[in-house]
Structure formats: C-alpha cells, structure tokens
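Enquirer:
There are 2 protein chains.
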Amino acid sequence: MGYGRVGGTPSTARSTVTIAPTSPAAVDDIVRAAAAAGAEWKRASVAARVAALGAVADGLDAAADDLVPIAQRETHLAEARLRGELRRTTFQLRMFGEMLEDGAWFDARIDHADPQWPMGAPRPDLRRVLEPIGPVLVFAASNFPFAFSVAGGDTASALAAGNAVVLKAHHGHPELSAATAAVVEGALRGAGAPDGVFAIIYGTDAGVRALQAPAVKAAAFTGSVTGGRALFDIAQARPEPIPFFGELGSTNPAFVTRRAADRDPAALAADYLASVTGSAGQLCTKPGVILVPAGSELLAALGGQQLPAATPLLNDGIEQGYRAAVARTAAVDGVRTIAGTVSEDESAPVVFATTAERLAAEMDTLMAEMFGPAALVVAYEDEADLVDIARRLEGQLTATVFAEPDDEIAAALVPVLAEKAGRVLWNQWPTGVSVTWAQQHGGPYPATTAVGTTSVGMAAISRFLRPVAYQNLPDALLPDALKEANPLRIPRRVDGELVLP
Amino acid sequence: MGYGRVGGTPSTARSTVTIAPTSPAAVDDIVRAAAAAGAEWKRASVAARVAALGAVADGLDAAADDLVPIAQRETHLAEARLRGELRRTTFQLRMFGEMLEDGAWFDARIDHADPQWPMGAPRPDLRRVLEPIGPVLVFAASNFPFAFSVAGGDTASALAAGNAVVLKAHHGHPELSAATAAVVEGALRGAGAPDGVFAIIYGTDAGVRALQAPAVKAAAFTGSVTGGRALFDIAQARPEPIPFFGELGSTNPAFVTRRAADRDPAALAADYLASVTGSAGQLCTKPGVILVPAGSELLAALGGQQLPAATPLLNDGIEQGYRAAVARTAAVDGVRTIAGTVSEDESAPVVFATTAERLAAEMDTLMAEMFGPAALVVAYEDEADLVDIARRLEGQLTATVFAEPDDEIAAALVPVLAEKAGRVLWNQWPTGVSVTWAQQHGGPYPATTAVGTTSVGMAAISRFLRPVAYQNLPDALLPDALKEANPLRIPRRVDGELVLP
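Same order as they appear, the protein sequences are chains A and B. Under my numbering, the first sequence is numbered contiguously, ending at residue 501. Under my numbering, the second sequence is numbered contiguously, ending at residue 501.
1) Within 10 Å of its beta-carbon, does A:Arg336 have 16 or more other beta-carbons around it, so buried, or fewer, so exposed?
2) Restricting to Cα atoms, I'd like to know which of B:Arg423, B:Leu488, B:Arg492 and B:Gly443 is closest to A:Pro124.
3) Sorted by chain position, which residues of the same chain lie with C-beta nearer than 7 Å to A:Ile30's C-beta, five sequence neighbours on each side aside?
4) Tell me which residue opens and which closes the beta strand (DSSP E) that B:Gln471 is part of.
5) List the endpoints of the continuous alpha helix (DSSP H) containing A:Gly59.
6) My parser needs the beta strand (DSSP E) runs of 3 or more residues fully inside the region 371-442 of chain A; what are they?
7) Using the C-alpha atoms, what's the distance from B:Ala52 back to B:Gly59?
8) Taking only beta-carbon atoms, is A:Arg358 less than 8 Å away from chain B?
9) Taking the CB atoms as reference points, tell me whether B:Leu397 and B:Gly443 lie closer together than 8 Å.
10) Mind checking if B:Ser434 is an interface residue toward chain A, Cβ cutoff 8 Å exclusive?
11) Under 7 Å Cβ to Cβ from B:Glu185, same chain only, skipping five residues before and after it: list those, please.
12) Could you check where the alpha helix (DSSP H) with A:Ile30 kicks off and where it finishes?
13) Kindly identify the DSSP beta-bridge partner or partners of A:Ala254.
14) What are the residues of the region 417-448 of chain B that lie near chain A, defined by any Cβ-Cβ distance shorter than 7 Å?
15) Please work out which residues of its chain come closer than 7 Å, Cβ to Cβ, to B:Asn486, disregarding the five sequence neighbours upstream and downstream, and give them in chain order.
16) Does the distance from the CB of B:Leu298 to the CB of B:Pro265 come in under 8 Å?
17) Can you pull the DSSP bridge partners for A:Gly340?
18) Here's the rule: buried if 16 or more other CB atoms are within 10 angstroms of the residue's CB, otherwise exposed. What is A:Arg128?
19) For the alpha helix (DSSP H) containing A:Val208, list its first residue and its last residue.
20) Tell me which residues share the same chain as A:Asp66 and place their Cβ nearer than 7 Å to its Cβ, disregarding the 5 neighbours each side in the sequence.
21) Where does A:Met458 land, buried or exposed, given buried means 16+ other C-beta within 10 angstroms?
22) Taking all protein chains shown into account, decide if A:Gln72 is buried (16 or more other Cβ within 10 angstroms of its Cβ) or exposed.
23) Counting only runs that start and end within the region 80-104 of chain B, where is the beta strand (DSSP E) found for 3 or more residues in a row?
24) Once DSSP output is grouped into helix, strand and coil, what is the label at A:Thr454?
25) Once the 5 residues before and after B:Ala213 are set aside, which same chain residues still bring their CB inside 6 Å of it?
26) When Cβ atoms are compared, which residues of the region 64-98 of chain B fall closer than 7 Å to chain A?
27) Output yes or no for whether 8 Å exceeds the beta carbon distance between A:His171 and A:Ser149.
28) Whose C-beta lies closer than 6 Å to the C-beta of A:Glu484 among residues of the same chain, with five residues either side of it excluded?
29) With three or more beta-carbon pairs closer than 8 Å as the criterion, would you say the region 289-296 of chain A touches the region 318-332 of chain A?
30) How about B:Ala44 and B:Gly162: do their beta carbons lie closer than 8 Å?
31) On the DSSP bridge assignment, give the partners of B:Ile19 in chain order.
32) Determine the closest residue to B:Ala140 out of B:Ala237, B:Thr222 and B:Pro239, with distance taken between C-alpha atoms.
33) Three-state secondary structure (DSSP) at B:Arg489?
34) Whose Cβ in chain A lies nearer than 7 Å to the Cβ of B:Glu240?
35) What is the rounded straight-line gap between the Cα of B:Val499 and the Cα of A:Ala309?
36) Are there three or more Cβ pairs, one per stretch, closer than 8 Å when the region 98-115 of chain B is compared with the region 401-415 of chain A?
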C-alpha cells in the first residue's frame, strides 16, 4: 500500500495540547442545536445521507497525512496500524451508505386492511417502519483513535440512521479529536447537512451532563467495565431512561483441543502471541486466555518466547491499569511467568501460565481482562475441562476454538460458547474485527451493556432506530418507505410476504 | 359467533380462591428448571416449536368454557369481550408459529471469505443468526387476563424464540392463572417440550426474586408506570443488568381538526365514547384525551351524553387508582364535568372538559393516565395549538389524528406525533389492537421502558433473541439457519444481497 507523503518521525512525547472542558452552558447549547438539526436531518433523503457519509470519508482520506502524525504522537500506536485503522474507518462510512441504499434496514412492513382477519376483528391498514431514535451521545474510545472515536462506527451508524451526534472526545487524544471533528463538520456542511448535526464536547463532566440531557435519546460507549457501568447507571436512572450501548471488557478465551495443539505448535504459539501483543494488546478482542493441553509442545512453545519490547501504552491511566492487572495475576497462587517480564517500571509484554484447576478456583481474578500485552496460558489435563470452564464464563465479545472438525469436544464447546459470546471463531484469532454485513461485536454482559446489539458491522445501525406504525394513513402522509408504490424500491414485508423490489 | 355451551350467569363477587405465594426456595427451583429446560428447548426444531405453540392454542380453545367463567368472576369483564380476547390469544400463538416457519426472524447473514475485501484486510467467513436470549420472566397484566397474561403475547413470543418462560401471575385473577397454566403445561408436555419450559409463580416477592435470579436473562411487564419503573430499576441494578420490556402508562391523545369535527359530530362523539368506555376504559390504548374545536358541534355532542352505568373494575387497586385519578383531574382549575359523574362510591364513567390553554398549563396532571372509563375533552381556539400540544407530549403508545387528507395542520401533526408515539392513527380509534406483522405497540418512555420494542405483533419476538456470529466454522457445526445449503429454506442476506429461498 502506498500512503503518499508521510510526515517526519513523530515525537514519542504525548500531546501537550490541552483543550478546555466544554462548559455546562455550551453543552446545553450543543444538545439543543443537535435536537434541532436532528429534526431536519431525519427528513434528509437516503441519497443525501449517503452523500454526507461519503463526504466525511473523503475528507478523512484527504486529511490522512495531517491526522496520522497527530494520532501517532498522542497514542503511541504505529503509523501502519493507524493508516490501516483510518482506511477501515472511511471504508465503514462508505459501507453504511451502501447499506442505506439497500433499504432492508427500514424493516418496512405493510399489512393491508383485511375484513376477514382470523383474529376475530377486521385488520386495519397497518404499516411499520424504523425511524431515527433521536440525538445520540457517543463516548469515544482510547484504543481506536479513528475507528471507535470521533468518526468511528458509532458516529457513522448514528448519522446513517438519521440522528444528530454529540461526540464526547476521549481525553487520550484531544488534538486528534479536534482535528478529526473539524474534518467531519466541514464535510457535513459541504454536503448540505444541517449545522449542529455533529458536534464535539470535551471533559468528563460535559459527558455526564449530555448523558442526562432530556433531548439525548441514546448513548454509545466503548471502554472499561468500571467507567461503562457508571455511565450505564446514570443513563438508566434518568427520569426518562435511554438505551446505553456500552462495549466494556472481555477476556476472549481461546480453547485448543489436543489434536489442534499437535498440528503445528510453533506456528500456533507465534500466531497467538502476535494476536496478544499486536497494538500492545490494547484491543477489546485480544485473546487474553488460552487453554492448551498440559505437557504439550504447544505449552512449551508458548513459554520462553522472545516477546516485543515494552512500548508506552495509550495513556497514563491505561499504563497504571495494565501494571495493576499484571501484578494481580502474578500474585495468584499457582501462576508463573513463562515469557516476558512483570515490571513496575514499564508496561512489558508478559505471558503467565497456570492450570485449569487453578483457573476454576480463581475464575473472577484470572478471567478478568488485562488490557495490554499480557496473556494467561491455562494447561488442562482433560479435554472435558474445556466445557466446564466454558460453562462458567461471564459474557464475552468473542470465544475461539482451535480444533479438528471431528473433535467431539469441539462439537460440545461451540453451543456453550455461543451462549457466552457474541462471536465464536474456529481456527482463527479474534483480533482484526472485520466490518461486514454479518459481523457481531457485542456479547452478553459485561462484554456489552445492551445484549443483542453490536457496534461493528452493518447491524450497528439498529441501535439508533425505533419502529413507528401508521394505521389507516393517507398515502401522501406516509413516509416514503411505506408508500404503496414503493418509491424507494426497498424490500418490504407485504401482508406477511417478504417482497424484493 | 357461536360459542357453544356457556356456564350460568357468573357471580359478580370476586374470586375467593387464595393461592399461596411461591416460596423463595420454590422460585429458585423453578428458575433452575427453566434454565435446564431452556437449554434443551433452544435446540428444538422450528417444526417442534410450531407444534408446541399450536398445542397450547388448541388446549386453550378446548378449555374456553371452563376458563371464561372463571375470568368473568375474577375480572368482571363481559363474556363476549373475554371470548374475543381468548380467540385473539390463540390466534396469536398460531400466528407466531406461522412466522417461525417463514424464518426471516433469524435475520440470517452470511459473508463468505473475501481476500480482496476493500476494508484493507481479508474478510473471513462470517455468519450471523439470532438465537434465544435465555429464560424470560413474564409479569402478567390485570386487564387482559388472556392476551397479556399466562398465555399472552409475551409468553407466546418468548417460547417461539426458543426460551423457557417463568410466568409471574397477576394477583387479580389467580384462579384463572392457575387454570390457564395447567392447560399450557399440559399442552407443552403433550407436544414433547421439556419439563420446566413453562412454570408459574405467585406473589410480589416471588416476582422480585425471579427478576434478580442470575439465570433469568430478560423480563417483560405490562402495567402501571409506578410498578413497572420499580421493577425496571431492579432489573437494571442487577450485577448483570437484563433487558426489561415494560409497557407502562399512556394517555393516547386524539387530535381532531375543524373539518373532521364538522363531518358527523354525533357519530364521532358516540364512537369516541365507545372507545373510552369499552372494557370500562381499562385498556392501555384508551384515547384518554381528545382535542376538539372550541364552540363546535362535536364539543357539544361530547357533553351531556348518556354514559354506561358504573361497573366494578378489575380489582380493588384499580378501583382506588381510578377514583384518585378522577378526583385529581376534577380538582384542576378550569376543568368541568360534561358527562357522567365523579363519584367516591363507585367507578363511574365521566367526561371532563377544559381548554387548550389550561391543558398547556397543567400538562403533567391533565395528561396523566386515568385508567378506567374517564376522558378529558380539550377545546382549542386555534388549530396550531394541536401541534404545540403534540410537541410537549411524553412518550405514548398511540396518537390519533382525525382530519381530512388535505388539512395542512394534519400534515404538520403526523411527523411530530411519530416522534412521540409507537403508533399513529388516522380517522380510527386506537383500542382493539390488531395482531399483525406490522403492528407496533410500544412507544417512547414512559409508554415503554425499552424504546424500539413491541409486545404486540410479530416483531415482539425480537425482544427475546440475541445475535451470534460464527467465524470460519465447519458447516456441520453451524446452526441450520447458517448452513451453506440453507436446509431451513429461509431468507438470508448472502454477501450483502437479500436472497429469498
């Protein structure tokens, strides 16, 4: 891939830019403007929304050489990773446009009046469609400064659904947030979207104030369990509770059968550790725990590996959290270090090992997420232990099986893991989440606060829509998606039959 | 309609049957059994689920002559109404079966692996399907002893989705609840469903204990704002919060333009009051407030009407609540009684009147639900008042417009009402909610605690499903809905294209 002109080597010092927290009065103004802009934006045609999303993508692509160096400086993530993430981000914006044009997301349903409806009373003419939920508050994440931040998947799907977005910047990359927001705002304005349909706010207090604003109708968040639960609680305690789509922590366990462990132990170990240490382990789908046969070559291969050198993590809070998590794991009886080091001075990659018996005895501690480049290898004696451990899991974003197709234990594992995770993988690693129609990122709590939703993939738009039924309305007053002649040429369910345009 | 043999005139005395509250230990046993049964039930084929739903419907139809008299005695609702409601209930069970066979509810998505995926990294094989959420706790309602109670829409949709159901009986009809549960349990057993897939519990404490049980994964409720919010708060405060699908209160305002008011004032007034007083006004979609032109014939026709005689309401709590609500409305400055009477001794039908100006000044009091046979007529001077009032509404289940298609004010009203209500009606009354593919019952809070969901209509099943994605799985280990050959012959989105079987 040719990235064109790239700025000089960025400094490793963190940003010294400070952006003042948004004042309460300014938050109120922004929310008010978002409500007004949203009322206009929801009436924008599909074509207008597609054009606006495309304009944002084009603007970000054009600004890559300005944005990436700021991101490098503020997050310490590598240039190639950040370039790839920006590409993913603009791809995602354009793909939501493609999905909008398809029109199945309207979930349009038409039941014509039926005097003989067997319920026992005549059926009136009823038509149902999904409409924008209202202004959405998005809390940006630290670990994807493009893809889960200012112009990330939450913003893209909320705008695509026809909502205004208030974006609470992450304190870890303020300068990048401001620069990205300027690109987004300019592109939306250039595409004719109403002023105020997107705005950025700064500071924890500003985020909480916006979360409590009556005009805000939904919120999305990616981050820690502690922070996410606190915001979830605030959202639910409002006089009018609102949906809070939080993607919190996940350990993403991987289960390796005996036969899979024997296939190519050296390659499996190397691939696993690459998945664990990529982006310094700061990925929500990092497979933090791996269960392997005791005494296997794979177990040996996972130990004593040369791990990457320690690099600064995203921000000071994450550095501290990582070191505390590593120390907590290291202190558990029966846990030993088999690769890398535990350091109080730097966030060094480290691989721990223990037994399935010890894991079962210390599930809460040992299955807790270590956000950063750490992993726990668990040696099992009996493959049946895999199912026992799986049954005791909390909710996960992902769960991974390495096995042969005719491994009996794998057939038993998959349905158990499907109850615990949003995504179940087979002989592949969970990092590098693809943006597709079928992707599912959210899993049961605490992986996600709103079970049944996803922040990645085309289904993400469903979070920001709500259904409205129209009974007996004149055709001219119906939304276009429900008009008899199907002017948008979308798939619809008509009198119970799914009909393609 | 011939109903066959009907028992003698039922007594108007309430049931004297007392059913002991379910003990904490029994609740725990029931929840444990539900979890075990659910794990089996989720693997039942679509055909097995359809057969089970049909068996429940057949069982209820066959037991009608036993169940209806109990319902009459315990609820004071009329026989014809109860027979119709039971018919609606069994129709609904069978219709969910029809929907299961269609298979679109799986929302099956298949993305084949694509090495050239333009995101910048190869796309793995990803397949996504909706699976059962887990055991569902259903709180029965008082006002629909069949359709929103033991075998009502919540139970039907949760079972259809593949979940076990724990049903908390409503204290207003305990004997009917026990009799209905016996029919449901027998029918399910006869159809081969696992023991424990449906069970009934009694008592407020038992309901709260079940709501806090870790194995319960979702709850549904129909009832008052006070009770529903208290249970919602419990569900959200759990260590693992769960979705709480509460249908709470709604005033369901109706807006009548000048021209609509002039069409046939006498008929409109009579039809409105029939909608208000049917089932003694104990319907969640009762149009409790109507806005009509000041000085119109319609306003005159709404006053001085002969209303039905007072009848006992569903239970003592509802009697007390009704009388308190009526007294609260009567005490508001500028409110007068134009038909019926305000009584402290019985729950008499009554129609109040006030002005749009007074309504605007006392929105909280005058737009509060009066559950029972009461209505408030609001006289407006200016049609523009209709839009002003609409903008200030809380969330509603329904909002109704009576107008001519070319009334300019109606075109302005409809989009405002669509933001406030789950269903917008035109020249029809909202009571008599039809069960169809396109029906939408839930509206924004406080009409519903989970915005974007419905308890009536085929979309009700979505509440009790959660998505799981499978990455790179061998075909044999995939759920049938995702297997390459499409053995269930269902609609699926394949590589972004919606494909019919």
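By construction, the Cβ of each residue, glycine as well, lies at the ideal position given by its N, Cα and C atoms. Computed from a predicted structure; not experimentally measured.
Expert: On the basis of the data shown:
1) Along the first sequence, one-based indexing puts residue 336 of chain A at 336. So A:Arg336 counts as exposed.
2) Position 124 of the first sequence, counted from the start, is the residue given in the question as residue 124 of chain A. If we check each option's Cα against that of A:Pro124, B:Arg423 comes out closest.
3) On the first sequence, position 30 is the one that residue 30 of chain A refers to. So the list reads Val166, Ala199 and Ile201, once near-sequence residues are dropped.
4) Here the question's residue 471 of chain B lines up with position 471 in the second sequence. B:Gln471 -> beta strand (DSSP E) spans Leu465 to Gln471.
5) Against the first sequence, residue 59 of chain A aligns to sequence position 59. Residues Val46 to Ala62.
6) 374-380, 396-402 and 421-426
7) On the second sequence, position 59 is the one that residue 59 of chain B refers to. On the second sequence, position 52 is the one that residue 52 of chain B refers to. Taking the straight line from one Cα to the other gives about 10 Å.
8) Along the first sequence, one-based indexing puts residue 358 of chain A at 358. A:Arg358 does not count as touching chain B.
9) Walking along the second sequence from the start, residue 397 of chain B turns up at place 397. Walking along the second sequence from the start, residue 443 of chain B turns up at place 443. Yes; because the gap between Cβ atoms is below 8 Å, this pair is in contact.
10) In the second sequence, counting from the first residue as 1, residue 434 of chain B sits at position 434. Yes, B:Ser434 lies at the interface with chain A (some Cβ there is under 8 Å from its Cβ).
11) To locate residue 185 of chain B, count along the second sequence from 1; it is residue 185. Closer than 7 Å at the Cβ level, and outside the excluded window around B:Glu185, lie Phe198.
12) Counting from one through the first sequence, the residue named residue 30 of chain A turns up at place 30. Element bounds for A:Ile30: Pro24 to Trp41.
13) For this step, residue 254 of chain A is matched to residue 254 along the first sequence. Its beta-bridge partners are A:Ile290 and A:Thr400.
14) Ala418, Gly422, Arg423, Val424, Leu425, Trp426, Asn427, Gln428, Gly432, Ser434, Val435, Thr436, Trp437, Ala438, Gln439, Gln440 and Tyr445
15) As a working mapping, residue 486 of chain B is identified with position 486 in the second sequence. Cβ neighbours of B:Asn486 beyond the five flanking positions: Arg492 and Pro501.
16) Walking along the second sequence from the start, residue 298 of chain B turns up at place 298. Walking along the second sequence from the start, residue 265 of chain B turns up at place 265. For B:Leu298 and B:Pro265, yes; Cβs fall inside 8 Å.
17) Along the first sequence, read from residue 1 onward, the residue named residue 340 of chain A stands at position 340. Looking at the DSSP assignment, A:Gly340 forms a beta bridge with A:Val350.
18) Your numbering for residue 128 of chain A matches position 128 in the first sequence. By the 10 Å Cβ count, A:Arg128 comes out buried.
19) Locating residue 208 of chain A in the first sequence gives position 208, counting from the first residue. Counting along the chain, the alpha helix (DSSP H) containing A:Val208 begins and ends at Thr204 to Gln212.
20) On the first sequence, position 66 is the one that residue 66 of chain A refers to. Cβ neighbours of A:Asp66 beyond the five flanking positions: Ala179.
21) As a position in the first sequence, residue 458 of chain A is number 458, starting the count at 1. It is buried - the Cβ of A:Met458 has at least 16 other Cβ atoms within 10 Å.
22) Along the first sequence, one-based indexing puts residue 72 of chain A at 72. By the neighbour-count rule (16 or more Cβ atoms within 10 Å), A:Gln72 is buried.
23) none
24) Start at 1 with the first residue of the first sequence, and residue 454 of chain A comes out as number 454. Residue state, collapsed to three classes: coil.
25) Reading the second sequence from its first residue, position 213 is the one you call residue 213 of chain B. Closer than 6 Å at the Cβ level, and outside the excluded window around B:Ala213, lie Val31.
26) Gly84, Arg87, Arg88 and Phe91
27) Taking the first residue of the first sequence as 1, we reach residue 171 of chain A at position 171. Taking the first residue of the first sequence as 1, we reach residue 149 of chain A at position 149. Going by C-beta atoms, A:His171 is not nearer than 8 Å to A:Ser149.
28) Sequence index remark: in the first sequence, residue 484 of chain A carries index 484 (1-based). Excluding sequence neighbours, A:Glu484 sits near Asp475.
29) no
30) Walking along the second sequence from the start, residue 44 of chain B turns up at place 44. Walking along the second sequence from the start, residue 162 of chain B turns up at place 162. The answer is yes: Cβ separation under 8 Å.
31) On the second sequence, residue 19 of chain B is found 19 positions in, with the first residue counted as 1. According to DSSP, which records beta bridges pairwise, B:Ile19 is partnered with nothing at all.
32) The residue you call residue 140 of chain B lines up with position 140 of the second sequence. Among B:Ala237, B:Thr222 and B:Pro239, the Cα nearest to that of B:Ala140 belongs to B:Thr222.
33) Translated into the one-based positions of the second sequence, residue 489 of chain B becomes position 489. B:Arg489: coil per DSSP, three-state reduction.
34) Here residue 240 of chain B refers to the residue found at position 240 when the second sequence is read from its first residue. Going along chain A in sequence order, the residues near B:Glu240 (Cβ under 7 Å) are Tyr445.
35) Here residue 499 of chain B refers to the residue found at position 499 of the second sequence. Here residue 309 of chain A refers to the residue found at position 309 of the first sequence. Their backbone Cα atoms lie some 49 Å apart in a straight line.
36) no
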